[in-house]
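If you read the first sequence in our numbering, its first letter stands for residue 6, the second for the next number, and so on. Don't be surprised by glycine CBs; every beta carbon is placed ideally from N, CA and C.
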Amino acid sequence: MKSEPPHVGYHKLGIPEPIAPACRRPIFPLVAPRAFREHRAAFTTMRTLIKHALALTEPKSGLVLKGWVRTRRDSKGFSFLELNDGSCLSGLQVVVDAGIPGSADLHRLTTGASTVVEGNLVASPAAGQKWELRATRLELVGEADPAYPLQKKGHTLEFLRTIAHLRPRSNLFGAVFRTRSRLAYAVHQFFQERDFVYVHTPIITASDCEGAGEMFRVTTLKGNLDENPAADFFGKPAYLTVSGQLEGETFACALSNIYTFGPTFRAENSNTARHAAEFWMIEPEMAFCDLQGDMDLGEEFVKAMAQFTLDHCQEDLAFFGKFVDKGVQERLRFVVERPFQRVPYTEAIGILQRSGHSFEYPVDYGLNLQSEHERYLTEQHFKSPVTVFNYPREIKPFYMRLNDDAKTVAAMDVLVPGIGEIIGGAQREERLDHLRENMRSHKLREEDYWWYTDLRRFGTVPHAGFGLGFERLLMFLTGVSNIRDVVPFARTPGNAEF
RNA sequence: UCCAGAGUAGCUCAAUGGUAGAGCAGCCGGCUGUUAACCGGCGGGUUAGAGGUUCGAGCCCUCUCUCUGGAGCCA
Numbered sequence: 006m007k008s009e010p011p012h013v014g015y016h017k018l019g020i021p022e023p024i025a026p027a028c029r030r031p032i033f034p035l036v037a038p039r040a041f042r043e044h045r046a047a048f049t050t051m052r053t054l055i056k057h058a059l060a061l062t063e064p065k066s067g068l069v070l071k072g073w074v075r076t077r078r079d080s081k082g083f084s085f086l087e088l089n090d091g092s093c094l095s096g097l098q099v100v101v102d103a104g105i106p107g108s109a110d111l112h113r114l115t116t117g118a119s120t121v122v123e124g125n126l127v128a129s130p131a132a133g134q135k136w137e138l139r140a141t142r143l144e145l146v147g148e149a150d151p152a153y154p155l156q157k158k159g160h161t162l163e164f165l166r167t168i169a170h171l172r173p174r175s176n177l178f179g180a181v182f183r184t185r186s187r188l189a190y191a192v193h194q195f196f197q198e199r200d201f202v203y204v205h206t207p208i209i210t211a212s213d214c215e216g217a218g219e220m221f222r223v224t225t226l227k228g229n230l231d232e233n234p235a236a237d238f239f240g241k242p243a244y245l246t247v248s249g250q251l252e253g254e255t256f257a258c259a260l261s262n263i264y265t266f267g268p269t270f271r272a273e274n275s276n277t278a279r280h281a282a283e284f285w286m287i288e289p290e291m292a293f294c295d296l297q298g299d300m301d302l303g304e305e306f307v308k309a310m311a312q313f314t315l316d317h318c319q320e321d322l323a324f325f326g327k328f329v330d331k332g333v334q335e336r337l338r339f340v341v342e343r344p345f346q347r348v349p350y351t352e353a354i355g356i357l358q359r360s361g362h363s364f365e366y367p368v369d370y371g372l373n374l375q376s377e378h379e380r381y382l383t384e385q386h387f388k389s390p391v392t393v394f395n396y397p398r399e400i401k402p403f404y405m406r407l408n409d410d411a412k413t414v415a416a417m418d419v420l421v422p423g424i425g426e427i428i429g430g431a432q433r434e435e436r437l438d439h440l441r442e443n444m445r446s447h448k449l450r451e452e453d454y455w456w457y458t459d460l461r462r463f464g465t466v467p468h469a470g471f472g473l474g475f476e477r478l479l480m481f482l483t484g485v486s487n488i489r490d491v492v493p494f495a496r497t498p499g500n501a502e503f
């Protein structure tokens, strides 16, 4: 009779396994590595995460820690192991006396090796750490080949990008990806607490002209893709989404306040520290809302994310402040405390023209604000996040609402120091005749947007929303200056390794 | 895609057109309640690739590739 593979999922998390056999059957047959099965048999005690061990206020015996060796320092008769399990930035110092069970393998516990340690948490007699674990038992789980590329010293970010499968084991990337996880949670918390409904807009779309950028084609055709598009999987050309906004609007016009939070794809050949071909975007959309309400939400959201980082990512944030961006904590406090500056586009142009600052690109009404202009506004002039609104209609997409002056549209961009544009949003054109005219002037075919214009036929409402790049938010909150370093496995032109 | 810069040992970097080195990592040994431990020894190179100039090229020239910074597009 075939034996059932051991079920490791719950045990790994330190959560008691359910007793009922039906519940114990894994949905997917997880096959445990042999080493894991062996030490699981050897250690019946629950694993303790290092973050929990370090947070203890009293000494405690009989702890089981599992993690990776960061460094080993040998002394006469005993060794120090720096153990890290990724649960927090800090590792735990493990003191291994010669002769305890498993200590014969000590010389194989080099940097990068995985191990299980059982022992007693005691106050450390030496400076440098509050607690240390006096090991009573040691087990080597997986050796690290001498070629293990992560050394005890600092590495450049460029090198770490070439070993994206190992870099989460470094201090910086552990901190980045813990922060990313917590902020993803904070995004949902923010919107759920405000009664926004989370909508999963499609990743594959047949709208071939959403206008937000170059798109990746999704096809099952071989050979010439344009010869007979009707023969393709969806009966027409299909693409990876560049935005969930249009679909999001349909749900806002039913559920009032919605948000999306998911992957987005741009096939632009952009080679900058701020662009990736695959990134996550947050797109709230609110019915019965105008541009003011939209700007309010954007500001409240950025402030909430900064506050959350200060409150819930302290250790990692302190690390960013020390090694990545000295001013990051001060900046976050500043963002939380001070109101964002709000200036109409025309006033922003005036400020730039009167600044006396020489710009490489011209500043004039009707021209887009260049990166250097945005940076001047937020970094030099206001020295705070800035919301620029009411842009000339000519430089903005068809769906933005025409203002009463008939020259500008109700668009808004939130600019932040160091990043530039972090939010782009607008009140949407809810008037059918205006929308049709906009589509004509943008040379769009109305029949491609029949369901979008339908929203304006059937119970139209003023509504507004914005898009916010999650990675850019992370860059702003952590001080990490390259988008490739806040994405686990970055996709950029010419690079889809891992 | 455009502009600029860079590519030398596993990593971080040296090297007037004239014998390719150091620190760290690795391996071996020593010492030590250590803290990116310390001390000694050993191994480690198609100088990104191709071509050219030269008596001689890591260095100068051409092309290609990769990376970085800036720009555009945008989030």
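8 Å Cβ shell around residue i - same chain, five flanking residues per side excluded
i, result
"arginine 174", "Trp73, Asn89, Gly91, Gly117, Leu155"
"arginine 343", "Ser389"
"threonine 225", "Asp237, Phe238"
"phenylalanine 503", "Ala169, His170, Phe494"
"phenylalanine 83", "Val100, Val101, Asp102, Ala103"
"histidine 2", "Residue 2 falls outside the range modelled here, since the chain spans only 6 to 503, and no answer is possible."
Expected contact under 8 Å - CB spacing of residue i and residue j to nearest Å
i, j, result
"threonine 269", "methionine 286", "4 Å"
"isoleucine 424", "arginine 477", "5 Å"
"aspartate 369", "isoleucine 354", "7 Å"
"glutamate 304", "phenylalanine 345", "5 Å"
"glutamine 319", "glycine 326", "With a Cβ gap of about 10 Å, glutamine 319 and glycine 326 do not count as contacting."
"arginine 172", "phenylalanine 178", "4 Å"
Bridge partners - residue i, DSSP secondary structure assignment
i, result
"glutamine 432", "Ala469"
"arginine 142", "Glu123"
"glutamine 385", "BP columns for glutamine 385 are empty, so no partner."
"lysine 71", "Val121"
"methionine 98", "Note that residue 98 is glutamine in the sequence shown here, rather than methionine. Glu87, Glu137, per the DSSP bridge assignment."
"asparagine 274", "For asparagine 274, which the question treats as bridged, DSSP gives no partner whatsoever."
"proline 349", "Phe394"
Spatially closest choice to residue i from the options, by CA coordinates
i, options, result
"asparagine 523", "Ala415, Gly67, Leu114", "This structure leaves residue 523 out entirely; the chain is present only between 6 and 503."
"phenylalanine 182", "Pro349, Ala501, Val419, Val485", "Val485"
"glutamate 254", "Leu473, Phe195, Thr265", "Thr265"
"histidine 447", "Leu165, Met405, Glu365, His193", "Met405"
"asparagine 500", "Val122, Cys318, Asn276, Pro367", "Asn276"
"valine 466", "Arg441, Arg450, Arg433", "Arg433"
"glutamine 588", "Asp237, Lys241, Ala243, Gly267", "Since the first and last residues shown for the chain are 6 and 503, residue 588 lies out of range."
"arginine 271", "Gly133, Glu137, Ile209", "Ile209"
"threonine 115", "Trp456, Glu426, Glu63, Leu86", "Leu86"
"histidine 205", "Lys241, Ser108, Glu426, Pro289", "Pro289"
"phenylalanine 256", "Glu123, Phe293, Asn443", "Phe293"
"arginine 185", "Pro498, Glu502, Gly474", "Gly474"
"aspartate 295", "Arg187, Gln334, Pro367, Gly430", "Gly430"
"glutamine 194", "Gly159, Pro242, Thr225, Phe313", "Phe313"
"aspartate 110", "Ala469, Ala132, Arg77", "Arg77"
"leucine 337", "Val421, Glu273, Asn274, Arg359", "Val421"
"glycine 470", "Phe306, Trp456, Val492, Leu70", "Phe306"
"arginine 347", "Asn233, Ala60, Val69, Val419", "Val419"
Residues near residue i by beta carbon distance below 7 Å, same chain, minus five either side
i, result
"isoleucine 308", "Note that residue 308 corresponds to lysine in the displayed sequence, not to isoleucine. Counting only Cβ-Cβ distances below 7 Å, and skipping sequence neighbours, we find Val340, Val341."
"arginine 462", "Leu437"
"histidine 44", "Note that histidine 44 scores 47 on pLDDT, short of 50, meaning its location in the model is unreliable; the coordinates nonetheless yield the value given after this. Cβ within range, chain order: Val121, Glu144, Val146."
"glutamate 148", "Arg113, Ala118"
"phenylalanine 164", "none"
"aspartate 231", "none"
"phenylalanine 33", "Reliability of the predicted coordinates at phenylalanine 33 is poor, the pLDDT of 37 falling under 50, and the value obtained from them is presented with this limitation in mind. Closer than 7 Å at the Cβ level, and outside the excluded window around phenylalanine 33, lies no residue."
"glutamate 520", "Within the shown structure, residues of the chain are numbered from 6 to 503, placing residue 520 beyond reach of any answer."
"methionine 300", "Arg347, Thr392, Phe394, Met417"
Residues of its chain near residue i, where Cβ-Cβ distance is below 6 Å and the 5 sequence neighbours each way are ignored
i, result
"asparagine 487", "Ala278"
"aspartate 490", "Leu162"
"alanine 47", "Note that alanine 47 scores a pLDDT of 45, beneath 50, so its modelled location is shaky; the value from the coordinates is reported in the next line. None."
"alanine 504", "The question about residue 504 has no answer, for the chain in this structure spans 6 to 503."
"proline 21", "Annotation note: pLDDT 36 at proline 21 (below 50); position unreliable, coordinate value reported separately. Answer for proline 21: no residue qualifies."
"valine 127", "Pro64, Arg139"
"glycine 472", "Met286, Glu288, Gly429"
Residue i Cβ short of 7 Å to the ligand GTP heavy atom set
i, result
"phenylalanine 164", "Ligands in the displayed structure: none, and consequently the ligand GTP is not present."
* Asked: Is it a yes or a no for the stretch 319 to 330 touching the stretch 367 to 383, going by three-plus beta-carbon pairs under 8 Å?
  -> In short, these stretches do not touch, since the Cβ pair count stays below three.
* Could you tell me whether the stretch 391 to 401 touches the stretch 409 to 427, using the rule of 3 or more Cβ pairs below 8 Å? => By the Cβ test, the stretch 391 to 401 is in contact with the stretch 409 to 427, since at least three Cβ pairs between them sit closer than 8 Å.
* Asked: Is there contact here, the stretch 220 to 232 with the stretch 253 to 263, by at least three beta-carbon pairs under 8 Å?
  -> Segment contact: the stretch 220 to 232 against the stretch 253 to 263, fewer than three CB-CB distances shorter than 8 Å; contact not assigned.
* Asked: Any contact of the stretch 131 to 146 with the stretch 93 to 102, i.e. 3+ C-beta pairs under 8 Å?
  -> These segments touch.
* Cβ pair count under 8 Å reaching 3, the stretch 192 to 201 against the stretch 223 to 238 -> The count of Cβ pairs closer than 8 Å, one atom from the stretch 192 to 201 and one from the stretch 223 to 238, stays below three, leaving the stretches out of contact.
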